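In what follows, a structure is listed as structure tokens, so that the remarks can point back to it.
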Amino acid sequence: MRFATASILCTLVSYPTLVFMVTIFILPPLGFYFGVKAYAQGRREDRHRRTRDRLLSAFPMLFAGASFFLQLYMVNHLYQA
1 MRFATASILC TLVSYPTLVF MVTIFILPPL GFYFGVKAYA QGRREDRHRR
51 TRDRLLSAFP MLFAGASFFL QLYMVNHLYQ A
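Residue numbers (the UniProt record's numbering): 1 to 81.
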């Protein structure tokens, strides 16, 4: 559970620090890494889980990946210097 919490926190902290630009390339990939670790840990604990529970354990990883692409889109299309 601690990897899932770290993944979501890294991803959520990347939104207010979006103005620094470099955090886009550090925090969401770090959140994705922690999400992969949380998903692997969840799969090791119980191999015979339902599909809903597998998707729930994959949520931090998917959230970090979607946030990374959303933030890249925001910087590329909405940022005005």
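Using N, Cα and C, we set each Cβ at its ideal position, and we do this for glycine too. Remember, predicted model here, so these are calculated numbers, not experimental data.
Selection from the options that minimises the alpha carbon distance to residue i
i	options	result
Thr5	Tyr73, Gln71, Ser57	Ser57
Leu62	Leu18, Thr17, Arg2, Lys37	Lys37
Leu30	Gly42, Met21, Ser14, Arg43	Ser14
Leu27	Leu9, Arg2, Asp53, Tyr79	Leu9
Phe3	Gln80, Ser67, Leu78, Ala40	Ala40
Thr23	Asp53, Ser67, Leu78, His77	Ser67
Three-state secondary structure assigned by DSSP to residue i
i	result
Pro16	coil
Tyr33	helix
Gln71	helix
Tyr39	helix
Asp53	helix
His48	coil
Met61	helix
Expected contact under 8 Å - CB spacing of residue i and residue j to nearest Å
i	j	result
Gly35	Ala64	5 Å
Three-pair Cβ contact test at 8 Å for the region 68–81 versus the region 38–57: Remark: fewer than three beta-carbon pairs, one from each stretch, lie closer than 8 Å, so the region 68–81 and the region 38–57 are not flagged as touching.
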